[in-house]
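First comes the structure, then the notes that go with it.
Protein chains in written order, with the numbering used here: chain A, 489 to 853; chain B, 535 to 1148.
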């Protein structure tokens, strides 16, 4: 059984965040007290300031920052919004109350801080992420839950009302939703030796039924398409804290390939955040080359699929290895295959034949 | 194909009766509006030309108010102008193409056509006569009731009365089919806008619903009346030149008793009988003081060797310069005779000149504006005519050549604008000021320019804010002091306004309370249609409009940036007082302080800055 090796507990994380928020608040307070207009420096998130960091193996923001000042009448409103959000985030974190993007939008109305629409408030949330270089989950703003986890993993809750309570994640066959309580829980121990992230709920259920967790000593995670940040955080923690390798199984198309890439090295959208990536994660299929090899039934690629291929070819992360090769093959065959395509050869074909072969191969990646 | 096609000549009345929609009488709505325009404009023109401050009273009354539109209305327009002498009334109102407006000067109407059209329209829709009351001398008023005989283009007088009255002026009343429910807005707009461009006129309007609109004169200065002038060389065609030549041709004077009296008087030989030789002797002495007709007759006498008695017995038939013969008819012998002409004689030259007409340079300097002796000679060089060419000798080809050269020669000075009557900057400004009480206003009158021979002047005003209720750029278009209300979209003024990038002048185009008043004055406004509602985009006119608008826009821009700075400061202060308290509240909690920071001093400081900018 692997035991958790503490790095930074969720509690410390919260404390750390509250400190940063307080520091910003104090700076603004001091400025006002001195009759100065307060300002906050925000990393520039425009495309020109997003660069690929080869060492970190992810996109990061460059050194450009924009100064948001309360003196500038066109920035005053968004400055106020940002200070309000910092204040609100502080409250959420201290009270351990989770909320969603939509909650934040409506909460603002109680404080006479007006957002024109949710996209405006969403934008301010990303601004605060960039200022803090912390994902919003850290200040208790969570996405809708659509991602789940199953396997022999024991966690200990930290959320109010459940503190100290433990739970093993193999007792309910439908899996457990990856929500705020899961993300903030301590990872206690596990017998698993591997994490399998899978793109689709249907296959997730099949894997549980076929006891992939036991057969391959694995924790199974359903990413529900593009993995939400809380899921990516959990994947990272499983990798870093529990020292588990992560493999990813997606549909055999260009979008699937990119789902794997985002887990591995993040997205340009989240270039202002670190600690969301699992650089060692491995994409084990379904590859373009698998389509021929396993004689999978296919459907033709659409025009937007093809365009997406060309777009990704410009991405620095797709310049080598299987990433580059598979993209080329997709473009050559111009066909794609879903995970369900294996059902042509029997419902368990994917777990009986495909999975063992690919897992073996993944070791050499 | 029928071979029995008939070719009938139709009278002008009949022509217009058949084509009445050309003149704006296409339906009851448009017709009522057009009729109003024609009468009001005639009244204003009459007052302008006689130098009277116009006082115009218009009444529209439904014959049967309870009927639904379209229905019969009685339209009456009364003015305080010079009236029309009673002998001209039947022809002026009872025939088409009779008028006093055929000269070259600026007037609202062109040919006095429209009023008669309105009468014609009233008559065909209601079969009722037009009532005209005219008082031209301030003593006697002549009341007429008459109908138009369309086929004969002649008035039929039903009633003609005279009444003693001291009020000068003209009142015209017609009954016509109209639709006030639909035309009302346009008519009220028309009256309103007319008062805007004619601020020295009082215009009152009683509408059929019992409402009274009273637009009082707001200034007591009238622009100088336009004068009739000779045409400019540009824009003259061959036919016009031909007509001018006929006018200028010296005719051999009629030799009657009156003429002989005149010759006797000028020679100082009144009573006695004189012989031929005595007359010639006297002539040599007096030649320099003789008038041209007398010289011509004496020249004839010299070749005929005639005394006064013989002169009375003959009639000149032809002066044949080719064969040097003078052909005449002798009453005493009843035969055609010929006398030789001595080409060396001074009298020959006199006669030849008379028959051949003026020299080209003389013709140009006398009959056209802006052509002096020097430019006439220069022009002849350009057109490859000899300056002393006699216009009477010019062939048709020569005339075409002349007309073409007149169009292409660039040396003539631009047309004389004295025939134009722009409103003037100050009356225009005061008109706008009184009607809109704007926050900002500027007016400009451009110097006169010309398009194909017709002089024109652009006047323009711009106003912002105040009592202007419209939003976006509203354009009031005028031409020769007529408001143009229909067909806005295709007008050259609109084109110029729409081409303007208002952002450059710090104006938010779609929400600004901005009006533009544009006035084009010309002896001939290039309307696109007979309905006189939109001006065609001649490049010369477009250019002048553009320059005027640019000049005004720059002034507006200056005002807007001042106003913008003040507004910005105020807006900023408002923003600060809204948001700074919030920032203070949130950062106090974030920093875990007890009291809010002292930010009020900052608000006060911002407010003083704002006052300074104001």
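In this text, a Cβ means the ideal position worked out from N, Cα and C, and glycines have one as well.
Proximity to residue i [Cα-Cα], best of the options
| i | options | result |
| --- | --- | --- |
| residue 928 of chain B | B:856, B:779, B:1021, B:743 | B:779 |
| residue 1035 of chain B | B:1091, B:617, B:738, B:1003 | B:1091 |
| residue 662 of chain B | B:711, B:761, B:558, B:1087 | B:711 |
| residue 699 of chain B | B:989, B:675, B:820 | B:675 |
| residue 592 of chain A | A:613, A:779, A:581 | A:613 |
| residue 643 of chain A | A:617, A:627, A:670 | A:670 |
| residue 695 of chain B | B:861, B:609, B:667, B:748 | B:667 |
| residue 940 of chain B | B:771, B:693, B:867 | B:771 |
| residue 576 of chain A | B:1122, B:1136, B:1032 | B:1122 |
| residue 853 of chain A | A:786, A:840, A:769, A:823 | A:769 |
| residue 614 of chain B | B:703, B:726, B:953 | B:703 |
| residue 823 of chain B | B:835, B:802, B:842 | B:802 |
| residue 713 of chain A | A:702, A:544, A:741, A:551 | A:741 |
| residue 763 of chain B | B:1108, B:1056, B:654 | B:1056 |
| residue 881 of chain B | B:831, B:1051, B:681 | B:831 |
| residue 806 of chain A | A:507, A:517, A:546 | A:546 |
| residue 573 of chain B | B:651, B:854, B:625 | B:651 |
| residue 634 of chain A | A:599, A:678, A:680, A:686 | A:686 |
| residue 602 of chain B | B:608, B:565, B:934, B:713 | B:713 |
| residue 478 of chain B | B:842, B:843, B:884, B:834 | No statement about residue 478 of chain B is possible, as the shown extent of chain B runs from 535 to 1148 and does not include it. |
Beta-carbon separation (whole angstroms), residue i vs residue j, contact threshold 8 Å
| i | j | result |
| --- | --- | --- |
| residue 646 of chain A | residue 665 of chain A | Contact flag wrong, Cβ pair sits at about 17 Å. |
| residue 1019 of chain B | residue 579 of chain B | The pair is not a contact, with the Cβ atoms about 19 Å apart (cut-off 8 Å). |
| residue 1068 of chain B | residue 1062 of chain B | 5 Å |
| residue 530 of chain A | residue 553 of chain A | 6 Å |
| residue 568 of chain A | residue 1117 of chain B | 5 Å |
| residue 558 of chain A | residue 525 of chain A | 5 Å |
DSSP state of residue i mapped onto helix, strand, coil
| i | result |
| --- | --- |
| residue 1133 of chain B | coil |
| residue 1126 of chain B | coil |
| residue 836 of chain A | coil |
| residue 634 of chain B | Its pLDDT being 45, under 50, residue 634 of chain B is placed unreliably in this model, and the value from its coordinates should be taken loosely. Of the three classes helix, strand and coil, the one that applies to residue 634 of chain B here is coil, per DSSP. |
| residue 766 of chain B | coil |
| residue 946 of chain B | coil |
| residue 616 of chain B | coil |
| residue 1104 of chain B | helix |
| residue 935 of chain B | helix |
| residue 858 of chain B | coil |
| residue 710 of chain A | strand |
| residue 1047 of chain B | strand |
| residue 796 of chain A | helix |
| residue 1010 of chain B | strand |
| residue 749 of chain B | strand |
| residue 536 of chain B | Note that residue 536 of chain B has pLDDT 42, beneath the 50 cutoff, so the model's placement of it is unreliable and no number is given. |
| residue 889 of chain B | helix |
| residue 1015 of chain B | coil |
Chain-order list of residues whose beta-carbon lies under 7 Å from that of residue i (same chain, five-residue window excluded)
| i | result |
| --- | --- |
| residue 1128 of chain B | none |
| residue 1096 of chain B | none |
| residue 776 of chain A | 740, 814, 817, 818, 821 |
Sequence-distant residues of the same chain with beta carbon closer than 8 Å to residue i, five excluded per side
| i | result |
| --- | --- |
| residue 548 of chain B | 684, 685, 687 |
| residue 756 of chain B | 582, 585, 587, 734 |
| residue 899 of chain B | 905, 906, 907, 910 |
| residue 587 of chain A | 580, 595, 628, 629, 630 |
Beta-carbon proximity list for residue i, same chain, < 6 Å, skipping 5 on both sides
| i | result |
| --- | --- |
| residue 838 of chain A | 830 |
| residue 965 of chain B | 730, 733 |
| residue 997 of chain B | 966, 970, 972, 975, 1049 |
| residue 1045 of chain B | 1005 |
| residue 528 of chain A | 556 |
query: What are the uninterrupted segments assigned as alpha helix (DSSP H) that are 4 or more residues long and contained completely in the region 765-791 of chain A, given in chain order?
result: 776-781
- request: Enumerate, from N- to C-terminal direction, the unbroken beta strand (DSSP E) stretches of 3 or more residues contained entirely within the region 732-769 of chain A.
  value: 734-737
message: If we require 4 or more residues per run, which alpha helix (DSSP H) segments fall completely within the region 640-716 of chain B?
response: 647-660
field: Contiguous alpha helix (DSSP H) assignments of at least 4 residues, all confined to the region 818-846 of chain B
entry: 826-838, 842-845
- prompt: Along the chain, which unbroken stretches of the alpha helix (DSSP H) at least 4 residues long are found entirely within the region 773-816 of chain B?
  reply: 791-801
- request: Output the residue ranges of the alpha helix (DSSP H) runs that lie fully inside the region 553-604 of chain A and measure 4 residues or longer, sorted by chain position.
  value: 564-583, 589-595
message: In chain order, what are the residue ranges of uninterrupted beta strand (DSSP E) at least 3 long that sit wholly in the region 611-668 of chain A?
response: 636-638, 641-644, 654-656
- prompt: Mind pulling the beta strand (DSSP E) runs of 3 or more residues that sit fully within the region 1020-1093 of chain B?
  reply: 1047-1056
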